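When you read off a place in the sequence shown, starting at 1, and then add 6, the result is the number in the numbering used here. All C-beta atoms, glycine included, are put in the ideal place defined by N, C-alpha and C. Note that the structure is predicted; figures quoted are calculated from it, not measured. Single-structure report; data block below.
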Amino acid sequence: MKHVIALDVGGTGMKAALVAPDGTLLHQDRRATGRHRGPEAVVDGILDFAADLHAEGEARLGRGAAAVGIAVPGLVDAEHGVAVYAANLGWKDVPLRTLIGERLGGVPVAVGHDVRSGGLAEGRAGAGRGADRFLFVALGTGIAGAIGIAGRVEEGAHGNAGEIGHVVVRPGGRPCPCGQHGCLERYASASAVGEAWARVCGDPDADAADCAAAADRGDARAREVWQEAVDALADGLITGLTLLDPQRLIVGGGLAEAGGTLFTPLREAVAARITFQRPPEIVPAALGDTAGCLGAGLLAWDLLDAPADAAAGPSPDAPTQEVPAP
Numbered sequence: 007m008k009h010v011i012a013l014d015v016g017g018t019g020m021k022a023a024l025v026a027p028d029g030t031l032l033h034q035d036r037r038a039t040g041r042h043r044g045p046e047a048v049v050d051g052i053l054d055f056a057a058d059l060h061a062e063g064e065a066r067l068g069r070g071a072a073a074v075g076i077a078v079p080g081l082v083d084a085e086h087g088v089a090v091y092a093a094n095l096g097w098k099d100v101p102l103r104t105l106i107g108e109r110l111g112g113v114p115v116a117v118g119h120d121v122r123s124g125g126l127a128e129g130r131a132g133a134g135r136g137a138d139r140f141l142f143v144a145l146g147t148g149i150a151g152a153i154g155i156a157g158r159v160e161e162g163a164h165g166n167a168g169e170i171g172h173v174v175v176r177p178g179g180r181p182c183p184c185g186q187h188g189c190l191e192r193y194a195s196a197s198a199v200g201e202a203w204a205r206v207c208g209d210p211d212a213d214a215a216d217c218a219a220a221a222d223r224g225d226a227r228a229r230e231v232w233q234e235a236v237d238a239l240a241d242g243l244i245t246g247l248t249l250l251d252p253q254r255l256i257v258g259g260g261l262a263e264a265g266g267t268l269f270t271p272l273r274e275a276v277a278a279r280i281t282f283q284r285p286p287e288i289v290p291a292a293l294g295d296t297a298g299c300l301g302a303g304l305l306a307w308d309l310l311d312a313p314a315d316a317a318a319g320p321s322p323d324a325p326t327q328e329v330p331a332p
């Protein structure tokens, strides 16, 4: 059976699947990223994982994969298939398309950004389905976004479209590793909320989930920390809404797991800031932590559907893949 390999590389774990043309997941697997062993070992682990998945397809389905889609964190040059930089993995300028292609005997490879790949999956098969234009924002260790337009996700001229986490919402505020001060992700990411709550409550092991739980219990200190994050997030999102005018705003990542504790005040905060803008639907992501892997599969199928000399990104004319939600 014709299929592709979908591989999502995270800071701690890798998720993978063999995906059929109709989106059926024919095989799924997970492995540790092993970043403690260094960037070269991480790349070796990715290549080994891809080779094992290729062999799995040959053994179970009678043929190897037709293409590979891989989603990775950090800065990505999707056009040339290069993982440019990822602080949490310690790598720089890794030619993943070339390395994986050579390891698998010339199989075509699409390389994409993890959040943009997740946004692609949400747009075609998740919370963004039916919206011609959407903004997907993932609230995790940092904050990143994906701009969905007409069935594809915008990469930008330099591969950095959607980096809403580095919109400055508090000028002169907390320093950010990017070199700016007051970036959105220093106030509204899961890690930022966890750090703020740990300082307030005195428990160095406290995290964002603990803050949300305490806020639900009525703890005034937790509610103040939580509201500070919500207000910062609303300020950042208003910038995105003003620039992009999306029909739907999709919020995912670890912080979104708080459910109504996040979405109720967030909708109120965004509504309070809207003047001339048309308010979008604000909805939770639907695909959970499988979105990156599912998006990587879509990148692979789009690569096969694109002209031979096209960049390895989503094709505007590619048919929508029906990817089942987990």
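When the alpha-carbon of G118 is set against those of A127, G112, I288, G134, the nearest one is in A127. Under the three-state reduction of DSSP, E85 is assigned to coil, being neither helix nor strand. Taking the C-beta atoms as reference points, P79 is found no nearer than 9 Å to V173. Under the three-state reduction of DSSP, F282 is assigned to coil, being neither helix nor strand. Taking a cut-off of 8 Å for Cβ pairs, the segment 148-159 and the segment 194-213 touch, as three or more such pairs fall below it. 9 Å or more divides the Cβ of G44 from the Cβ of V121.
With a cutoff of 9 Å on beta-carbon distance, R36 and K21 are scored as near each other. In this structure, L102 sits away from T39, with a CB-CB distance that is not shorter than 9 Å.
Here L13 is bridged, per DSSP, to A22, I76.
In the DSSP assignment, D225 falls outside any beta strand (DSSP E), carrying neither H nor E. DSSP links E287 through a beta bridge to R254.
Judged by DSSP in its simplified three-state form, H187 adopts strand. Going by C-alpha positions, M7 is about 10 Å away from E64. Following the DSSP letters along the chain, one finds V175 in no alpha helix (DSSP H), marked with neither H nor E.
Here DSSP, grouped into helix, strand and coil, assigns G298 to helix. Three or more beta-carbon pairs separated by less than 8 Å are not found between the segment 254-271 and the segment 98-112, which leaves the two stretches without contact. 9 Å or more divides the Cβ of R229 from the Cβ of A219. Here Y91 has G80, L81, W97, K98, D99 as same chain residues with Cβ atoms under 8 Å from its own Cβ, once five neighbours each way along the sequence are excluded. A straight-line Cα-Cα distance of about 15 Å links A198 and R227.
Its Cα nearest to that of P114, the residue G70 stands out among G70, A131, A133.
Within the DSSP bridge table, the entry for D35 names A22 as partners.
Excluding sequence positions up to five before and after L67, its CB lies within less than 8 Å of the CB of M7, H9, L24, L32, all in the same chain and listed in chain order.
Pairing D28 with E161, the inter-Cα distance amounts to about 25 Å. Using a Cβ distance threshold of 9 Å, R158 and L250 do not count as a contacting pair.
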